[in-house]
Amino acid sequence: MPATLNFSINGQKVFPNLDALEGRAPSFAHEISVQEGIIVLVDISGFTKFVKQIDPHVGVHVIHELLNTIITQNEFELHVNEIEGDAVLFYKIGQPLTMRQIIHQFESMSASFHEKLTSFNPVLREHNLSLKMIVHYGAFSVYQIDGFTKLYGIPVIEAHRLLKNSIGGNHYLLVTQEYLKVAGEDLEDSPYTLQLCEIYEDVGALCYHFLTRIK
């Protein structure tokens, strides 16, 4: 059952003039709820160096093709929330995908990504662009503003923070402990994953497993 928004904090009204609006909440209020879902952030590694070294007329075409490849390989009806320069933010409300599905999705996106890379000039392939995927789960809001769909919530911030991690590599799949718990997955004894816990400013400790030996 989605949790509805409360327009007060510590007894203080967020919108002081709400009564003057004849008891009506802001127009967007009835369209917002807090629900649990999966957040999948797919990021292109090596993007900053690529932008610095490649002519922008060429670079924008290459990145357009690569991002489009990521989006078209979305096999599990994840919603595209945003395209953030070198990353695509997906989400889906409700029960998360299984670990098998997550691995399949990452392998599928990675294979198409690298296939597209090989279609470019060999000079472009020397920049070692690759993919990493962050998978997280938690409660967040989905709302509309001027025709755009936006996500709001701590899990969204945490997913982005996890891009700055201690994994020594640029091609990996990272799944958080929150996702694993809800999905009912146990990777504690898996020989294919490693576990880390890191402390991030503002959000605190985040624990995750990651796979690097993956297609």
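Our numbering puts the sequence shown at residues 2 to 216.
All C-beta atoms in this analysis are idealised placements derived from N, C-alpha and C, irrespective of residue type, glycine included.
Just so we're clear, the structure is a prediction, and the values are computed from it rather than from any experiment.
Rounded to the nearest whole angstrom, the C-alpha separation of Gly47 and Glu83 is 20 Å. The alpha carbon of Gly95 has as its nearest neighbour, out of Val183, Ile158, Tyr173, Phe121, the alpha carbon of Val183. As summarised for the stretch 96-125, the continuous alpha helix (DSSP H) elements at least 4 residues long and confined to that stretch are 100-119, given in chain order.
Taking Gln74 as the centre and dropping the five residues before and after it, the same chain places the C-beta of Ser109, Met110, Ser113 closer than 7 Å to its C-beta, in chain order.
Comparing alpha-carbon positions, the option among Gly154, Gln102, Val204 lying closest to Ser142 turns out to be Gly154. Lys50 carries a helical assignment under DSSP once its states are collapsed to helix, strand and coil.
Relative to the Cα of Phe77, the nearest Cα in the group Leu98, Leu68, Leu90, Tyr144 belongs to Leu98.
It is roughly 42 Å from the alpha-carbon of Ala206 to the alpha-carbon of Asn122.
Partner residues in the beta bridge of Ile146, as assigned by DSSP, are Phe149.
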